[in-house]
Amino acid sequence: MLVDSIVRSAYTRSIERVAKRIGVHNRLLRMYYRFTISRYDTPLPGYSEPNVMHHVWNAVDSGDVFWDVGAKSGTYSKIVSFATHPAGIVAFEPNPLFFEQLERTMGQLPGSFFTQALDSALGAQEAVKPLSVTTPEGSQSSSGALLTEKLQSRYDGVKAVNVRVLSGDNAVTRFNVPPPSVIKIDVEGAEYEVLQGLSNTLENGTIHTIFIEIHESQADNGPSIYDFDASPEDVHAFLEDHGYSHEVIENRARDYHIMATRRKQQTGA
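Note that our numbering has the sequence shown beginning at 39, numbered continuously upward.
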C-alpha cells in the first residue's frame with residue numbers, strides 16, 4: 039500500500055501531461071496496472087473489486103476476445119487493454135448516462151485490436167425494454183436495471199428509458215463482432231437471461247472463462263436475480279449443463295462474483 043501511495047503521489051498531472059506528449063503514458067500506465075493487479079489485495083484507484091479484476095486479468099490472454107457486459111464507463115475494458123494483448127474488446131452498456139463515457143474510453147484504448155461499444159443490453163432474446171437510468175431511494179446499486187414487472191413497483195417514479203436488448207448469439211451475427219473467449223457479466227439481476235442468450239456460443243466452446251456478478255439480495259431495495267424469475271441455482275445449473283465448473287471469487291453483502299471455467303473434454307482410452 040505504501041508503494042502504491044508513493045507512485046500515485048509522484049505521478050502528478052503535470053508529469054502525466056508530459057508523458058502523454060512524449061508518448062509513454064500508456065506504457066507507464068500498463069506497467070502500473072500490472073504491478074497493482076498482480077497484488078490483488080491492493081485496490082486500483084477508484085475501483086472496488088481488485089480480486090475480481092485480478093482474476094479477469096489472469097484469464098485474458100493474447101489473442102482472446104473480451105466481452106464487457108454491463109460495462110458502465112469501461113473500467114474492465116480499460117484494464118484488460120493495458121494489462122494484456124487481446125484480439126478484441128466488445129463492451130455493452132445500455133444506460134445512456136454511462137454510454138457516452140464508455141465510447142470515449144473505448145476510443146482511447148491502446149493497441150490495434152478490434153474494439154466496439156454497443157448501446158444495448160444483453161438478454162435471452164431481442165426486445166425493447168424499459169431501463170431505469172436512476173435508482174430508487176435506499177438502493178446501493180449504482181447502475182440502471184431492466185424493469186421487470188416485479189421491479190416496477192419498487193422503481194415507481196424512477197426515470198426510465200426504452201433500450202434495445204440483444205441476445206449475445208445474435209450480437210455476433212448482427213453486428214459482426216467476434217465471439218468472446220472471456221466474458222464479464224454485471225447486469226443488475228439479468229445475469230441468467232444473458233447466459234440464455236449465449237447458449238449457441240457456449241455450446242460452440244469459444245468461451246473459456248465467464249465472470250458473473252450474481253445479484254442475490256433485495257435487502258437494499260435494489261434489483262436482484264429473483265426479480266427476473268431466476269435464482270443463483272439456475273445460473274449454477276446452466277453453467278454445469280454447458281460444461282463449466284465455477285467457484286466464488288468474491289462475496290459481498292448483496293451480491294457475489296463467480297468465475298466459471300470450461301471443463302476439459304474427456305478423451306476415451
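Cβ atoms here follow ideal geometry from the backbone N, Cα and C, with glycine treated the same way. As the structure is a prediction and not an experimental result, all values here were calculated from the model.
Starting from S237, follow the alpha helix (DSSP H) in both directions and report where the run begins and ends.
For the purposes of this step, residue 237 is taken as residue 199 along the sequence shown, with counting starting at 1. Looking at the DSSP string, the run of the alpha helix (DSSP H) that includes S237 is S237 to N242.
In or out: F213 buried (at least 16 other Cβ within 10 Å) or exposed?
Translated into positions along the sequence shown, residue 213 becomes position 175. Exposed.
Taking the alpha helix (DSSP H) that Y230 falls in, what are its first and last residues?
The residue given as residue 230 occupies position 192 in the sequence shown. Here the alpha helix (DSSP H) through Y230 covers E229 to Q234.
What do you get for S100, buried or exposed, if any count of 16 or more other CB atoms within 10 angstroms of its CB means buried?
By one-based count along the sequence shown, residue 100 stands at place 62. S100 should be labelled exposed.
Quick one: grab the DSSP three-state call for K167.
For the purposes of this step, residue 167 is identified with residue 129 of the sequence shown, where counting begins at 1. Of the three classes helix, strand and coil, the one that applies to K167 here is strand, per DSSP.
Residue burial classification, E231 (beta-carbon count within 10 angstroms, cutoff 16):
Residue mapping note: residue 231 aligns to position 193 of the sequence shown, counting from 1. E231 is buried by the Cβ-count criterion.
So which of H123, F104, E87 and N96 has the shortest CA-CA distance to V220?
On the sequence shown, residue 220 is found 182 positions in, with the first residue counted as 1. When only C-alpha atoms are compared, the closest one is F104.
Just confirm the distance between the C-beta atoms of G108 and V225, as a whole number of angstroms; I'd bet it's less than 8 Å.
Along the sequence shown, read from residue 1 onward, the residue named residue 108 stands at position 70. Along the sequence shown, read from residue 1 onward, the residue named residue 225 stands at position 187. That belief holds up - the Cβ atoms of G108 and V225 are roughly 4 Å apart, short of 8 Å.
Let me know if G195 comes out buried or exposed under the rule of 16 or more other beta-carbons within 10 Å of its beta-carbon.
Translated into positions along the sequence shown, residue 195 becomes position 157. Classification for G195: exposed.
Would you mind stating whether A129 and Q154 have Cβ atoms separated by less than 9 Å?
Here residue 129 refers to the residue found at position 91 of the sequence shown. Here residue 154 refers to the residue found at position 116 of the sequence shown. Cβ distance < 9 Å, so A129 and Q154 count as in contact.
Three-state secondary structure (DSSP) at L207?
Numbered from its first residue, the sequence shown carries residue 207 at position 169. What sits at residue 207 in the sequence shown is Asp, not Leu. If DSSP states are grouped into helix, strand and coil, D207 belongs with the helices.
L185 to L240, Cα distance in whole Å?
Locating residue 185 in the sequence shown gives position 147, where the first residue counts as 1. Locating residue 240 in the sequence shown gives position 202, where the first residue counts as 1. Cα to Cα, L185 sits roughly 26 Å from L240.
Inter-residue spacing [alpha-carbon to alpha-carbon] between T305 and G281
Looking up residue 305 in the sequence shown gives position 267. Looking up residue 281 in the sequence shown gives position 243. In this prediction, T305 has a pLDDT of 35, which is less than 50 and means its spatial position is unreliable; what the coordinates show is noted afterwards. Cα to Cα, the separation comes out at about 14 Å.
Give me the Cα-Cα distance between G235 and N208, rounded to the nearest whole angstrom.
By 1-based counting over the sequence shown, the position of residue 235 is 197. By 1-based counting over the sequence shown, the position of residue 208 is 170. Straight across, the Cα-Cα distance linking G235 with N208 is about 8 Å.
For K222, report the span of its beta strand (DSSP E) as first-last.
For the purposes of this step, residue 222 is taken as residue 184 along the sequence shown, with counting starting at 1. Boundaries of the beta strand (DSSP E) around K222: V220 to I223.
Using the DSSP secondary-structure output, state which residues sit across from V215 in a beta bridge.
Here residue 215 corresponds to residue number 177 of the sequence shown, with the count starting at 1. Partner(s): none; V215 has no beta bridge.
I need the straight-line Cα distance from N238 to I60, nearest angstrom please.
Counting from 1 along the sequence shown, the entry for residue 238 is found at position 200. Counting from 1 along the sequence shown, the entry for residue 60 is found at position 22. The straight-line gap from Cα to Cα measures roughly 46 Å.
Please classify V98 as buried or exposed, where buried requires at least 16 neighbouring CB atoms within 10 angstroms.
Indexing the sequence shown from 1 puts residue 98 at position 60. The residue is buried, with at least 16 neighbouring Cβ atoms inside 10 Å.
Give the DSSP bridge partners of F104, in chain order.
For the purposes of this step, residue 104 is taken as the residue at position 66 of the sequence shown. In the DSSP secondary-structure assignment, F104 is bridged to I127 and V220.
Cβ of K167 within 9 Å of Cβ of N133?
Translated into positions along the sequence shown, residue 167 becomes position 129. Translated into positions along the sequence shown, residue 133 becomes position 95. Contact flag unset, no.
Can S205 and G161 be called in contact, C-beta distance under 9 Å?
Numbered from its first residue, the sequence shown carries residue 205 at position 167. Numbered from its first residue, the sequence shown carries residue 161 at position 123. Yes, they are a contact pair.
Use the C-beta contact count for D260: other C-beta atoms within 10 angstroms, 16 or more gives buried, fewer gives exposed.
Counting from one through the sequence shown, the residue named residue 260 turns up at place 222. Here residue 260 turns out to be Gly, not Asp, going by the sequence shown. Looking at its Cβ environment, which holds 16 or more other Cβ atoms inside 10 Å, G260 is buried.
Answer with buried or exposed for D79, where buried requires no fewer than 16 other C-beta atoms within 10 angstroms of its C-beta.
For the purposes of this step, residue 79 is taken as residue 41 along the sequence shown, with counting starting at 1. Unreliable placement is indicated for D79, whose pLDDT of 47 sits below 50; the coordinate value is still reported in the next sentence. Around the beta carbon of D79, a 10 Å sphere encloses fewer than 16 other beta carbons of the protein chains shown; the residue is thus reported as exposed.
Using the C-alpha atoms, what's the distance from V56 back to S262?
The count along the sequence shown starts at 1 and reaches residue 262 at position 224. The count along the sequence shown starts at 1 and reaches residue 56 at position 18. Put simply, the backbone Cα of S262 is about 45 Å away from that of V56.
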